[in-house]
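*Asks:*
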Amino acid sequence: MKGKALSGMLVALLTLMLAACTVVDLDANGKPIMPKDPNAKPGYSDQTPQQIAESSWASRVQQPAEKQALSWADMETKSHTVKAGGSESVFVRAAGTVTAFDNSNERERSLTMTINGKPVKVLIGPVLRGNAIRDAAGFRFEEFTNQVQYAQLTKALNRHAVKQLPAVDASWVGKPAQALLAVSMGAGTVEDVVAVRLQQGNP
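Numbering (my numbering), first residue to last: 35 to 237.
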C-alpha cells in the first residue's frame with residue numbers, strides 16, 4: 035500500500051510540475067525563445083551601433099524631430115539658458131536661402147543658409163562631426179554597454195542621417211530651402227548644425 039501511495043504522490047507531483055511549465059517555442063538551434071519582459075528597460079547590448087541607428091531612427095530621431103523641433107529664434111533664446119562650459123542639443127526647424135555650397139573638403143561638405151538674416155553653416159557630410167543628433171534624440175549613456183558603444187552610436191547616427199539627405203550641389207545656391215536640423219548649443223552660442231532633413235522650396 036505504501037508503494038502505491040508513494041507512486042500516486044509522485045504521479046500527482048509530476049502532473050503539477052508539468053501543469054506549471056509554460057510551453058515555449060524553440061529557435062532554429064533548438065534553444066528556447068523567451069518572451070520579452072514588458073517591464074524591461076530598453077537596452078542595446080546585443081545590437082551593433084549601426085543596427086541601433088537603423089532600428090531607432092524613425093521612433094527616436096525622425097518623429098521627435100518633426101514634432102518637437104524648435105524655431106531658430108526659440109533655439110537661440112534657449113541657448114542662453116545653457117550653463118557656461120556646458121552644451122545641449124535640440125532639433126530645430128528652419129527655412130532660408132542657400133548662399134553657399136562648400137565641397138572643398140569632400141568628406142565634410144556644408145551649405146550656408148541665411149536664417150533669420152544670419153549666415154548659418156549646415157553640415158551635410160558624408161562625414162558629420164559632433165554628437166548633435168545623438169544628444170538631441172535623447173539617447174542616454176545608461177542605455178548602452180559602455181562608453182565605446184555610446185560613442186560609436188554617434189558615428190552610426192550621423193552616417194544614417196546622411197543617407198536620408200537629397201543630392202546637394204552648387205545648383206542649390208540662390209534657392210530657398212527648408213531644413214530640419216540637430217543643433218549643438220553652448221552658453222549663448224550655436225556650435226554644430228547638422229542636417230537631418232533638407233528640401234528645396236519655401237515652407
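Here a beta-carbon is modelled for each residue, glycine too, at the ideal position from N, C-alpha and C.
Roughly how many angstroms lie between the CA atoms of V126 and V196, to the nearest whole one?
*Replies:* Looking up residue 126 in the sequence shown gives position 92. Looking up residue 196 in the sequence shown gives position 162. Each residue's Cα considered, the two are about 17 Å apart.
*Asks:* In chain order, what residues of the same chain lie with their CB nearer than 6 Å to the CB of P153, ignoring the 5 residues before and after it?
*Replies:* Position 119 of the sequence shown, counted from the first residue, corresponds to residue 153. Excluding residues within five positions, the ones whose Cβ falls inside 6 Å are T146.
*Asks:* Where does A195 sit, in a helix, a strand or coil, going by DSSP?
*Replies:* The residue given as residue 195 occupies position 161 in the sequence shown. Three-state DSSP puts A195 in a helix.
*Asks:* Give the secondary structure of L187 by DSSP, where H, G and I count as helix, E and B as strand, and everything else as coil.
*Replies:* Translated into the one-based positions of the sequence shown, residue 187 becomes position 153. Residue state, collapsed to three classes: helix.
*Asks:* Please return the same chain residues whose Cβ sits closer than 8 Å to the Cβ of K70, not counting the five positions on each side in sequence.
*Replies:* For the purposes of this step, residue 70 is taken as the residue at position 36 of the sequence shown. Here the model assigns K70 a pLDDT of 41, short of 50, so the residue's position is not dependable, and the following value carries that caveat. Around K70: no qualifying Cβ.
*Asks:* From the DSSP secondary-structure annotation, give me the bridge partner or partners of D136.
*Replies:* Within the sequence shown, numbered from 1, the residue matching residue 136 stands at position 102. Its beta-bridge partners are S144.
*Asks:* Please return the same chain residues whose Cβ sits closer than 7 Å to the Cβ of T188, not counting the five positions on each side in sequence.
*Replies:* Taking the first residue of the sequence shown as 1, we reach residue 188 at position 154. Excluding positions up to five away in sequence, the list reads N165 and R168.
*Asks:* Can at least three beta-carbon pairs, one atom from the stretch 130-139 and one from the stretch 171-187, be found at a separation below 8 Å?
*Replies:* They do not touch, by the three-pair rule.
*Asks:* Given 8 Å as the limit, is there contact between the stretch 209-225 and the stretch 95-109, that is, 3 or more CB pairs closer than that?
*Replies:* They touch, by the three-pair rule.
*Asks:* With DSSP as the reference, please indicate the residues paired to Q234 in a beta bridge.
*Replies:* Residue 234 sits at position 200 when you count from the first residue of the sequence shown. Q234 is bridged to A211.
*Asks:* Here's a check: name, in chain order, each residue in its chain whose Cβ is nearer than 6 Å to the Cβ of Q233, leaving out the five neighbours to either side.
*Replies:* By 1-based counting over the sequence shown, the position of residue 233 is 199. These residues qualify, in order along the chain: Q212.
*Asks:* From the DSSP output, which residues share a beta bridge with M219?
*Replies:* Position 185 of the sequence shown, counted from the first residue, corresponds to residue 219. In the DSSP output, where bridge partners are listed per residue, M219 has E122 and V224.
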